[in-house]
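There are 2 protein chains.
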Amino acid sequence: MTEPYLGEFEQTVLLAILRVGDDAYAIPILDQIHEHTGRRVARGALYTALDRLEAKGCLRSRVGEPLAERGGRARRYYTVTPGALRALKQARASLLRLWRGLEARLDSKS
Amino acid sequence: MTEPYLGEFEQTVLLAILRVGDDAYAIPILDQIHEHTGRRVARGALYTALDRLEAKGCLRSRVGEPLAERGGRARRYYTVTPGALRALKQARASLLRLWRGLEARLDSKS
DNA sequence: AGTCATTTGCCTGCATTGTAGGACAAATAC
DNA sequence: GTATTTGTCCTACAATGCAGGCAAATGACT
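As they're listed, the protein sequences go chains G and P.
For the first sequence, this note's numbering assigns the number 9 to the initial residue and increments by one for each residue that follows.
For the second sequence, this note's numbering assigns the number 9 to the initial residue and increments by one for each residue that follows.
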């Protein structure tokens, strides 16, 4: 499989999922994104991203058992696929390569 | 000015411009992108990105003197604005925050 | 039982970005 | 003057980013 292109937001989502771990469903993912980036995105925005990532083979999902809790609609849990992991690492490497040596020059200004 | 949103490719372009430095026009920028990311984008793709970045206030441009060289059409040189620089740093910081602590966990697989 | 609030998922639509291909411009070489 | 080289721009379409609102499922309250 050719490594798919990952947009900026898609990368963020994938990383957030990895951070949350096994129990990654929409709300904690959203929290994670907000916590680490300060961005507050709408749920709908996240779900479309999740759908498209799954369609591209970057994610697998399973619906959990309906919970016996207050507002218990069944959650959908997500897992990052190995291919997406590779793409992620590659994107990160490119970014770092482009940044390398730039910090010094840029800190003198700003 | 509110910090504008920067897509993945836009970030790449801005960083490449910073790397190239004062003489940054389309072709060297393209080379820089290819050299550091392996991506080979079409010139047209780059120009539209440059246009949009300038429209968003992320870039300034000036046309140089027509060169007295073989194919000497006037070049358009680009400079990154301070606001774009801030946005760039912020995006990088977010990404790194999301990555932090993840490498260890991920290297064990793949 | 019948609402009501709560938690979560999903659909629909539009805005913004990503990307290529080729037309056009200006200059030199012959 | 026509071919060649180096560059810029225009046009069009695909992919991503993003939100608002509706639907589903459950416990709580009366």
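Every residue, glycine too, gets a C-beta built ideally from N, C-alpha and C.
These figures come from a predicted structure and were not determined experimentally.
About 7 Å separates the beta carbons of Leu-103 of chain G and Leu-103 of chain P, which is inside the 8 Å limit, making them a contact pair. Looking at the backbone, the Cα of Ile-41 of chain G and that of Arg-48 of chain P are separated by about 31 Å.
Taking C-beta atoms as the reference points, Arg-81 of chain P and Gly-72 of chain P fail to come closer than 8 Å.
Per DSSP, Arg-68 of chain G is one residue of the beta strand (DSSP E) stretching across 67-71. Separation of the CB atoms of Leu-22 of chain P and Leu-61 of chain P is rounded to 7 Å, and the pair is thereby assigned contact status at 8 Å. Against chain G, a Cβ distance below 8 Å from Ala-24 of chain P picks out Leu-106. Taking a C-beta distance under 8 Å as the contact criterion, Tyr-55 of chain G and Arg-70 of chain G do not qualify as a contact pair. Within the stretch 23-74 of chain P, the complete beta strand (DSSP E) segments of 3 residues or longer fall at 67-71, listed in chain order. Annotation: the continuous alpha helix (DSSP H) that includes Arg-100 of chain G extends over 90-107. Interface with chain P (8 Å Cβ-Cβ cutoff): Thr-20 of chain G is included.
Under a criterion of Cβ atoms nearer than 8 Å, the residues of chain P adjacent to Thr-45 of chain G are, in order, Ser-102, Arg-105 and Leu-106. Rounded to whole angstroms, the gap between the alpha carbons of Leu-38 of chain G and Ile-37 of chain P is 35 Å. In its chain, beyond the 5 residues on either side, Ala-57 have a beta carbon closer than 7 Å to the beta carbon of Phe-17 of chain P.
Inter-residue distance for Arg-51 of chain G and Thr-87 of chain G is about 18 Å (C-alpha atoms, whole angstroms). Judged by DSSP in its simplified three-state form, Arg-83 of chain G adopts coil rather than helix or strand. Ranked by Cα distance from Thr-45 of chain P, the first of G:Glu-111, G:Ala-34, G:Leu-106 and G:Val-28 is G:Leu-106. Using a Cβ-Cβ cut-off of 8 Å, Gly-15 of chain G is close to Gly-15 and Glu-16 of chain P, given in chain order. Ala-95 of chain G is positioned such that its CB atom lies closer than 8 Å to that of Glu-11 of chain G.
In the structure shown, Glu-16 of chain P adopts helical secondary structure according to DSSP, grouped into three states.
Look at Arg-27 of chain G: its C-beta is under 8 Å from a C-beta on chain P.
Residues of chain G whose Cβ lies closer than 8 Å to the Cβ of Leu-110 of chain P are, in chain order, Leu-23, Leu-26 and Arg-27.
8 Å or more divides the Cβ of Leu-114 of chain G from the Cβ of Leu-75 of chain P.
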